[in-house]
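In what follows, a structure is listed as C-alpha cells, so that the remarks can point back to it.
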Amino acid sequence: MTEMLRVLNLRKVFTIGGIFSRAKIIAVNDVSFEIKKAEIFTLAGESGCGKTTIAKILLGFEHPTGGIVEYKGRRIDNIKPNERFSLRKEIQAIFQNPFSTFNPLRKVDRYFFEALQNFGIAKEEREAEKIVREKLEAVGVAYEEFREKYPSEFSGGQLQRISIARALLTNPSLLIADEPVSMVDASLRMSIVNLFKDLRDRFGLSILYITHDLATAYYVSDRMAIMFRGEIVELGPAEKVLQEPKHPYTRLLRDSVPEPDPSKRWTSKVLLAEQEHEEYLRMGCKFAGRCPSAMEICKRESPIHYEVDGVRVKCFLYR
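Under full-length UniProt numbering, think of the first position of the sequence shown as 1, with each following residue one higher.
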C-alpha cells in the first residue's frame, strides 16, 4: 500500500495564562505517523491528549508550530489559502455532533446541491440529483426519505450517515472522522463503524479515525496510535496494541474499559490524572507521575520510540 498521508515531527504550541503569568503548552509534540491507501488509522486517547488538534492542523484550521505534513507526497502544512480550497475535494471531515453540522433552519438537501455547485462537480440539476442519490445509497439512506427535510426530522444516527454522504460528494481520498460515534445512540454506533469499513473496502478510502472509545477503535482499525499529553506513546497494528499493550499508559487505558461480566470486577485502584496542564509541563516522561513502572530516568528525560515486536513504544522499559 502506498502512503496517502505522512506526518513527520508535528508540533503545536499554545500559550496560556495572562499577561504576567504565561506558560507554553506543547499540545502536539514530535508526532509522526503515516496513513496508507485504503487503511483505517486511529488516533486514540483520553480527552485533551491532542487528537483533535492534529485533525485541525490536517484540515488547515490550525497552523503547526513545526513539523511536516505531506498528502500524496506533496507538502500541505504550508500551502496558500487558494490551494487549500482544491485540497478540500481530496480531504473531507466528519465531526462529532451531526446536529451542529447543519443549520436547523435550512433543509439538509440544500447543503448537498450547493456543495456540488461550489466544487463544479455537477452542471445540471438532474446530474446533481444522480450523484446525491448515489452517495446516500452508499451510506444506507434513501433519497426519498432525505429530500426537503430539516435536520430535526432525522435521528442522530441518520444525520451522521447523511454527514458522511455529504463528505463523499467530492470523491475524497481521505476522510478525517473526529469522534464520529460519540454522540450517536449506543445501539447505532456499530452500524456507523461498519460503514467506515465498507467505504474503505468499496472505494479504497483512507480514514483517520479519532476516538477515545477503545472498543470501536479495536473493531474498525487496521493500525492505531495511542496518544498521551500530545505525544504518541504506542503505535502499531490495532490487535497488537490492544491485545498486547506494551506502554504502561496503554495498559491503564485498556484496563479502564469495564467488561459486562460480574466475575471480572476491578481489583486495582484507578490512578487519577494530575491537572492536565501539569502533566503537559512535566519534565521527562509525561506519564511518570502515574506510571507504576516509573524509574528515576523517567522523571529527568523524555524517552525515544523503541521498536518492539512490530510496535513503536515511547518508554524506557524497552531500552
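C-beta atoms are modelled at their ideal positions from N, C-alpha and C, and glycine is treated no differently.
Predicted model only: the values in this text are computed from it and were never measured.
Worksheet item: To which residues of the same chain is Gly-310 closer than 8 Å at the C-beta, ignoring the five residues directly before and after it?
Response: The residue you call residue 310 lines up with position 310 of the sequence shown. Gly-236, Pro-237, Lys-240.
Worksheet item: Can you find at least 3 beta carbon pairs, one from the stretch 186-194 and one from the stretch 101-117, that sit closer than 8 Å?
Response: With contact defined as three or more Cβ pairs closer than 8 Å, the stretch 186-194 and the stretch 101-117 are not in contact.
Worksheet item: When DSSP labels each residue in this structure, what does Lys-130 get in the three-state scheme?
Response: Within the sequence shown, the letter at position 130 stands for residue 130. DSSP places Lys-130 within a helical segment (H, G or I) once states are collapsed to three.
Worksheet item: In three-state DSSP terms, what is Met-295?
Response: Translated into the one-based positions of the sequence shown, residue 295 becomes position 295. Three-state result, Met-295: coil.
Worksheet item: First and last residue of the beta strand (DSSP E) that includes Lys-72?
Response: Against the sequence shown, residue 72 aligns to sequence position 72. Lys-72: not part of any beta strand (DSSP E); DSSP gives it neither H nor E.
Fill in: Local conformation of Gly-67 per DSSP, three classes
Stepping through the sequence shown from its first residue, residue 67 is reached at position 67. Under the three-state reduction of DSSP output, Gly-67 falls in the strand class.
Discussion item. For residue 325 and Glu-148, what's the separation of their Cα atoms in angstroms?
Written reply: Outside the displayed span of the chain (1 to 319) sits residue 325, for which this structure offers no information.
Item to complete: Pair every Cβ in the stretch 32-48 with every Cβ in the stretch 199-213, then say whether three or more of these pairs are closer than 8 Å.
Response: With contact defined as three or more Cβ pairs closer than 8 Å, the stretch 32-48 and the stretch 199-213 are in contact.
Item to complete: List the whole-angstrom C-beta distance separating Ile-68 from Asn-118, where the pair is believed to meet the contact cut-off of C-beta under 8 Å.
Response: Counting from one through the sequence shown, the residue named residue 68 turns up at place 68. Counting from one through the sequence shown, the residue named residue 118 turns up at place 118. Actually they do not touch by this definition, with Cβ atoms about 30 Å apart.
Item to complete: If I'm right that His-212 touches Ala-44 with Cβ under 8 Å, what's the distance once you round it to whole angstroms?
Response: Here residue 212 refers to the residue found at position 212 when the sequence shown is read from its first residue. Here residue 44 refers to the residue found at position 44 when the sequence shown is read from its first residue. Indeed they touch by this definition, with Cβ atoms about 7 Å apart.
Worksheet item: Who pairs with Met-227 in a beta bridge, going by DSSP?
Response: For this step, residue 227 is matched to residue 227 along the sequence shown. For Met-227, which the question treats as bridged, DSSP gives the partners Ile-232.
Worksheet item: Between the C-alpha atoms of Arg-312 and Ile-57, what's the straight-line distance to the nearest angstrom?
Response: Sequence index remark: in the sequence shown, residue 312 carries index 312 (1-based). Sequence index remark: in the sequence shown, residue 57 carries index 57 (1-based). Spanning the two alpha carbons is a distance of roughly 23 Å.
Practice prompt. Jot down the residue ranges of each uninterrupted beta strand (DSSP E) in the stretch 152-238, minimum 3 residues, whole runs only, in chain order.
Written response: As far as the stretch 152-238 is concerned, its whole beta strand (DSSP E) runs of at least 3 residues are 174-178, 206-211, 223-228, 231-237.
Worksheet item: Going by other Cβ atoms of all chains shown within 10 Å of its Cβ, with 16 needed for buried, is Ser-256 buried or exposed?
Response: As a position in the sequence shown, residue 256 is number 256, starting the count at 1. Residue environment: Ser-256 is assigned as exposed (fewer than 16 neighbouring CB atoms within 10 Å of its CB, all protein chains considered).
Practice prompt. Compute the Euclidean distance between the alpha carbons of Phe-99 and Arg-75, then round it to the nearest angstrom.
Written response: Residue mapping note: residue 99 aligns to position 99 of the sequence shown, counting from 1. Residue mapping note: residue 75 aligns to position 75 of the sequence shown, counting from 1. Counting only the Cα atoms, Arg-75 lies some 33 Å from Phe-99.
Discussion item. Which residues does DSSP list as the beta-bridge partners of Glu-124?
Written reply: As a working mapping, residue 124 is identified with position 124 in the sequence shown. DSSP output for Glu-124 lists no bridge partner at all.
Worksheet item: Can you list, in chain order, the residues of its chain whose CB lies under 6 Å from that of His-63, leaving out five sequence neighbours each side?
Response: Along the sequence shown, read from residue 1 onward, the residue named residue 63 stands at position 63. Counting only residues of its own chain and dropping the five nearest sequence neighbours on each side, His-63 has no CB closer than 6 Å to any other CB.
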